[in-house]
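Read through the structure below, which is laid out as structure tokens, and then see the notes.
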Amino acid sequence: MNYPFWDVPLIGSGWIIGLIAIFHVMISHFAVGGGFYLPMAEAKAIREGREDWLRAIRDHARFFIILTGVFGAMSGVGIWFAIGLAHPESTSTLIHNFVFGWAIEWVFFIVELTAAAVYYYGWDTLPRRIHLIVGWIYAFCAWMSLVIINGILTFMLTPGASWLSAAGTGQETAYFWQAFFNPTYFPSLVLRTLVCISMAGVYALITASRLDPLAEPQLKDELVRWSAKWLVPSFILVPICFVWYLASVPESQRALLNLGISTIGQGTFTQVTRAATVVVMTSATILAFVYFSAWRNARHFNLGRALCVLFLAFAATASAEHSREMLRKPFVVGEHMYSNGIRKQEVEKFNREGYLANSVWLKAAAPPVSLRRVAFGDTVEPAVAADLARGELMFRGQCLACHTVDGYRPIARLLQGRDRQSIAAFLKTLHENAPDSPYRSYMPPLVGTPDEIEALTDYLDALINRKVHHGHVAQVHPGNP
Amino acid sequence: MDVSWSPKPDARRPRSLTAAVYTWVDERLGLEELLALARKKTVPDHQYSFWYYWGGLSLFFFFVQVFSGVLLLVYYRPGAEAYESVREITYDIRFGWLIRSAHSWSANLMVLAVFVHMFSVYFMKAYRKPREFGWWSGMALLALTLLFGFSGYLLPMDDLAYFATKVGLEIPAALPLVGTLMTDIVRGGPEVTETTIQRFFALHVVILPLIYIPILAFHLWLVQKHGNALPPSEEAKPESERRSIPFFPDFFSLDLGMWLIALNVLSILASLYPWQLGPQADPLAPAPVGIHPEWYFMSQFQVLKVFGRWFPGAAGEALGISLFTLAIVVWALIPLYDTRSAGGRRAQIATYFGYFALLGMIVFSIWGYLDLK
Amino acid sequence: MPNAPATSPLAEQASTPTDTTRRTFIALGVGALGACYAGLIGYPVYQYLATPARKAAATGTVTQAVLDGADQLPAGSALMFKFGTAPAMLIHHTDGSWVAFGAVCTHLACTVNYEPEQSRIYCACHGGVYDPKTGANVAGPPPKPLTRYYVEVQDGRVLVSKA
Chain W
6 MNYPFWDVPL IGSGWIIGLI AIFHVMISHF AVGGGFYLPM AEAKAIREGR EDWLRAIRDH
66 ARFFIILTGV FGAMSGVGIW FAIGLAHPES TSTLIHNFVF GWAIEWVFFI VELTAAAVYY
126 YGWDTLPRRI HLIVGWIYAF CAWMSLVIIN GILTFMLTPG ASWLSAAGTG QETAYFWQAF
186 FNPTYFPSLV LRTLVCISMA GVYALITASR LDPLAEPQLK DELVRWSAKW LVPSFILVPI
246 CFVWYLASVP ESQRALLNLG ISTIGQGTFT QVTRAATVVV MTSATILAFV YFSAWRNARH
306 FNLGRALCVL FLAFAATASA EHSREMLRKP FVVGEHMYSN GIRKQEVEKF NREGYLANSV
366 WLKAAAPPVS LRRVAFGDTV EPAVAADLAR GELMFRGQCL ACHTVDGYRP IARLLQGRDR
426 QSIAAFLKTL HENAPDSPYR SYMPPLVGTP DEIEALTDYL DALINRKVHH GHVAQVHPGN
486 P
Chain B
5 MDVSWSPKPD ARRPRSLTAA VYTWVDERLG LEELLALARK KTVPDHQYSF WYYWGGLSLF
65 FFFVQVFSGV LLLVYYRPGA EAYESVREIT YDIRFGWLIR SAHSWSANLM VLAVFVHMFS
125 VYFMKAYRKP REFGWWSGMA LLALTLLFGF SGYLLPMDDL AYFATKVGLE IPAALPLVGT
185 LMTDIVRGGP EVTETTIQRF FALHVVILPL IYIPILAFHL WLVQKHGNAL PPSEEAKPES
245 ERRSIPFFPD FFSLDLGMWL IALNVLSILA SLYPWQLGPQ ADPLAPAPVG IHPEWYFMSQ
305 FQVLKVFGRW FPGAAGEALG ISLFTLAIVV WALIPLYDTR SAGGRRAQIA TYFGYFALLG
365 MIVFSIWGYL DLK
Chain C
2 MPNAPATSPL AEQASTPTDT TRRTFIALGV GALGACYAGL IGYPVYQYLA TPARKAAATG
62 TVTQAVLDGA DQLPAGSALM FKFGTAPAML IHHTDGSWVA FGAVCTHLAC TVNYEPEQSR
122 IYCACHGGVY DPKTGANVAG PPPKPLTRYY VEVQDGRVLV SKA
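Top to bottom, those sequences are chains W, B and C. Residues in the first sequence are numbered consecutively from 6, following our numbering. Residues in the second sequence are numbered consecutively from 5, following our numbering. Residues in the third sequence are numbered consecutively from 2, following our numbering.
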């Protein structure tokens, strides 16, 4: 491993975060929405004196506590490991700003877990009224943890003008609340809360699907239909909130969507737009599928169909989170830190003094161990090897955050068919980062001295065309061991 | 739009335009009779019901193939310009990338659905009397589907298509006696050239559909005639414990739901992972590393390779081919062997043979991919 | 949605007033979903089939562009202009010759740039290189040369027209 530049073959380090995060989102949104579902269903059952409902809700509570308490909590910690490995610079920025925020979240999290345990294990022993109150305490704390984490998530897209004005001065934490209640905070909070509510319905449908329609036909009909209703609010309000959200996103990021819309016919530069379209389609399908298979055929709603709904919800959530991440391009912290961990303010310094010279992590003295696919070793002279090694360090530092060699966004295919001159020209385009460059809206500028960029060119040339360029190295580094 | 499935005349509701149009058509075509028939028909409902959907899913992907294929025909030019025309479709024509991507992904999903359908029919023993012809026509459809896949894969004529076709044709070429002769006819010469594209194109868009569609109609007619088969575990239950749902509207709407999900999966794959177009095929260039046939030919390819390695010379390949030809023949004739409707020794052997075949396919495919490195 | 008592699908078909409202609501919903799907499939298909017509419309109507004052263009530099709706470039070479090309890269339709110091026309998107004299594609991914136009230098203006 080459921490902090983590080389994950084929899928890239970003997808390690992505996979864990999508799994976590599927469960954490349930943990919040389910927090409302349980006491509301319980209250309804008590009000109507329905023992069979209470039994079914209790089963659901067990499913709920196992899923959220085990997998939700574990995957949440998993995200910490993954972002620390894949993106140390931005993780550090977030911790420095929001350590207090996370402390608050942790308190709510502990109360939440305790309340969930008391709620489930106290089902038979606690008086009904107290039990219901515990349920509502759980719901409140679960939602509060969303309230906190939403501030940090939205900060990454829109840090807000006042925080940005302090960025890099060491005074950032003075703007904690401005950063926290940033421009996209409220639309995102409402959107996520709505998604939580529909997730509660999706998972409740799983429990309801397992009821035996022959033994308890009435209970099955009622519970399936009541759970299906939980999907309704979000489907009516999400489109409206989405417009609100987009209106709060800075113009430059909206331009990304527009670029996608205007070029979708050609299929280039359109990943955000394509992912967003998929969200619309899968959401519409969930609605249609739940209506026809659950609402109209409640009695025949079996586990297979419930899993279909869950699968569709997964597809919609994954695409939505993916497009939200893509919308942040080329930054990981909006207008502050590029997606490869380079701060916007550092660009000029790095261009002047050198990227490798300023990097805390990438040391030319300790060159990378492996140069995949590059003809290397005994066949080249030490000077060439050192140059290629510097090129690979540039590659690791500036490209690897988003690209892999052969897998996801593969450099080998993207640069396929280019000779050395053409690679150099392309790197020049990235380095200049001209206002009209189509790459500007997606990719960070390439930083470094001309010498470093030459080294990267040599490395990529060796990687793509599998031949080592000798002339240039001997010329630039005479006698360099 | 009227949402109820049975627009019966309802005195309390004013007759809508939809109802009027429906009545007009019904009086002339007898839709109500068809609906009555569909309503009377039932589909068994049990723990293996999930596998009933895969035939319908295969059909859905076939429809997508016809639709997207016709759209591709609008711009595709076989022969010398094949690559250029696919390049235009992918990069110049608006949404051409999406339509080509949908066609390629749907092809793969269709092969997958057909395989799942075949194995589920096999393990539910749905080939037994009176459904033998369903099994055989299904086998024919599977073979044609694979031929569709093979012939279509070459048409873009990029380097992967070219070399995969070249490698893929080694399978029939290894057939004893007729191998070379047959492959030369298919290829239109000793090498894969523009002539080959022209032939594959004719095969892909004219000859195969002409054979496929009548067999498909026959297959669907048989399904309608005999209904869904019960798996042995359900058949063992007394009549009173078996459950079923009406075909219309219940099963039909669920089938549509599955189609909708399939459409979603297809759209996600086609739009987020668009099918790539490699550089133009250059017969003189060295084959790209790790060249291999498509995944659905991988196990056959690997069997051949392994036997060639174990028994050097033509004998090994001939042995490999004979072996899996034999396996296919046995597979096709299984309804004649496993005839008893209750359990028994033959039924058990057939099931084990099924596991053996499935496991063999999976193992050889994985081995094939590992063997590329 | 009101907390309506759960009904079986059969009972639902009885037409009470609330049911009619629900019926309309659901009919609207199903209709909207259907329209959503039809749009998502229909729009790309329409655009796909309409491409040649769109291209013809974009290029067919305009056959000539008049560039006032362009005859003063210094040798060794280029002038970007619109030919119809598409970008185009007029180059005045140092040897005194004039050429004009469509500035749309034949690879993925990015706008190309004239780089006199390198003596080439360059596409920044994917590194395509064209010959600045003939428009021929000389390096990189472009499959075809740039579209070439006729140039007529007149007094006080330059006339660029289709071949």
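Ideal Cβ placement from N, Cα and C applies to all residues, glycine included. Owing to the predicted nature of the structure, the values given are computational and were not obtained by experimental measurement.
Taking DSSP's pairing of strands, which residues face residue i in a bridge?
{"i": "His-93 (chain C)", "result": "C:Ser-78 and C:Trp-99"}
{"i": "Leu-160 (chain C)", "result": "C:Val-67 and C:Glu-153"}
{"i": "Ala-87 (chain C)", "result": "C:Phe-84"}
{"i": "Thr-46 (chain B)", "result": "B:Pro-250"}
{"i": "Arg-329 (chain W)", "result": "DSSP output for Arg-329 (chain W) lists no bridge partner at all."}
{"i": "Val-130 (chain C)", "result": "C:Tyr-123 and C:Ala-140"}
{"i": "Thr-409 (chain W)", "result": "W:Pro-415"}
{"i": "Glu-116 (chain C)", "result": "C:Arg-121"}
{"i": "Tyr-343 (chain W)", "result": "W:Phe-336"}
{"i": "Arg-348 (chain W)", "result": "W:Met-342"}
To the nearest angstrom, how far is it from the Cα of residue i to the Cα of residue j?
{"i": "Glu-195 (chain B)", "j": "Leu-288 (chain B)", "result": "12 Å"}
{"i": "Leu-332 (chain W)", "j": "Ser-257 (chain W)", "result": "10 Å"}
{"i": "Ala-51 (chain C)", "j": "Val-78 (chain B)", "result": "11 Å"}
{"i": "Gly-97 (chain C)", "j": "Arg-149 (chain C)", "result": "18 Å"}
{"i": "Ser-214 (chain W)", "j": "Ala-220 (chain W)", "result": "13 Å"}
{"i": "Pro-415 (chain W)", "j": "Ser-141 (chain B)", "result": "43 Å"}
{"i": "Val-367 (chain B)", "j": "Glu-298 (chain B)", "result": "16 Å"}
{"i": "Arg-279 (chain W)", "j": "Ser-275 (chain B)", "result": "6 Å"}
{"i": "Trp-148 (chain W)", "j": "Gly-206 (chain W)", "result": "16 Å"}
{"i": "Gln-304 (chain B)", "j": "Thr-169 (chain B)", "result": "14 Å"}
{"i": "Gln-284 (chain B)", "j": "Val-105 (chain C)", "result": "22 Å"}
{"i": "Arg-247 (chain B)", "j": "Ile-100 (chain W)", "result": "58 Å"}
{"i": "Ala-325 (chain W)", "j": "Ala-281 (chain W)", "result": "6 Å"}
{"i": "Leu-194 (chain W)", "j": "Asn-155 (chain W)", "result": "6 Å"}
{"i": "His-121 (chain B)", "j": "Gly-172 (chain B)", "result": "25 Å"}
Secondary structure at residue i, three-state DSSP: helix, strand or coil?
{"i": "Phe-65 (chain B)", "result": "helix"}
{"i": "Asn-112 (chain B)", "result": "helix"}
{"i": "Gln-276 (chain W)", "result": "helix"}
{"i": "Gln-280 (chain B)", "result": "coil"}
{"i": "Asp-424 (chain W)", "result": "coil"}
{"i": "Arg-67 (chain W)", "result": "helix"}
{"i": "Tyr-392 (chain W)", "result": "Strictly speaking, residue 392 (chain W) in this sequence is Asp, with Tyr absent from that position. In this structure, Asp-392 (chain W) counts as helix in the three-state DSSP scheme."}
{"i": "Val-254 (chain W)", "result": "coil"}
{"i": "Arg-414 (chain W)", "result": "coil"}
{"i": "Leu-468 (chain W)", "result": "helix"}
{"i": "Glu-198 (chain B)", "result": "helix"}
{"i": "Asp-30 (chain B)", "result": "helix"}
{"i": "Phe-186 (chain W)", "result": "coil"}
{"i": "Arg-259 (chain W)", "result": "helix"}
{"i": "Val-105 (chain C)", "result": "strand"}
{"i": "Asp-259 (chain B)", "result": "helix"}
{"i": "Arg-378 (chain W)", "result": "Here Arg-378 (chain W) scores only 49 on pLDDT, less than 50, and its place in the model should not be relied on; the value that follows carries that caveat. It is coil, neither helix nor strand."}
{"i": "Asp-188 (chain B)", "result": "helix"}
Label residue i either buried or exposed according to how many other C-beta atoms from any shown protein chain fall within 10 Å of its C-beta, with 16 as the threshold for buried.
{"i": "Ser-53 (chain B)", "result": "buried"}
{"i": "Gln-403 (chain W)", "result": "buried"}
{"i": "Ala-40 (chain B)", "result": "exposed"}
{"i": "Asn-263 (chain W)", "result": "exposed"}
{"i": "Gly-43 (chain C)", "result": "exposed"}
{"i": "Pro-133 (chain C)", "result": "buried"}
{"i": "Arg-135 (chain B)", "result": "buried"}
Can you give me, in chain order, the residues of the stretch 21-47 of chain C that have a beta carbon less than 7 Å from any beta carbon in chain B? Residues Arg-24, Ile-27, Ala-28, Val-31, Gly-32, Pro-45 and Val-46.
Mind checking the stretch 117-133 of chain C against chain W and listing, in chain order, the residues whose C-beta falls within less than 9 Å of any C-beta there? From the stretch 117-133 of chain C, only Gln-119, Tyr-123, Ala-125, Cys-126, His-127, Gly-128, Gly-129 and Val-130 have a Cβ closer than 9 Å to chain W.
Taking a Cβ distance cut-off of 8 Å, strictly less, list which residues of the stretch 277-295 of chain W are near chain B, in chain order. Within the stretch 277-295 of chain W, the qualifying residues are Arg-279, Ala-280, Thr-282, Val-283, Met-286, Thr-287, Thr-290, Ala-293 and Phe-294.
Just by C-beta distance, which residues in the stretch 241-273 of chain B are closer than 9 Å to chain W? Residues of the stretch 241-273 of chain B with a Cβ closer than 9 Å to any Cβ of chain W, in chain order: Arg-247, Ile-249, Pro-253, Asp-254, Ser-257, Leu-258, Leu-260, Gly-261, Met-262, Leu-264, Ile-265, Leu-267, Asn-268, Val-269, Ser-271 and Ile-272.
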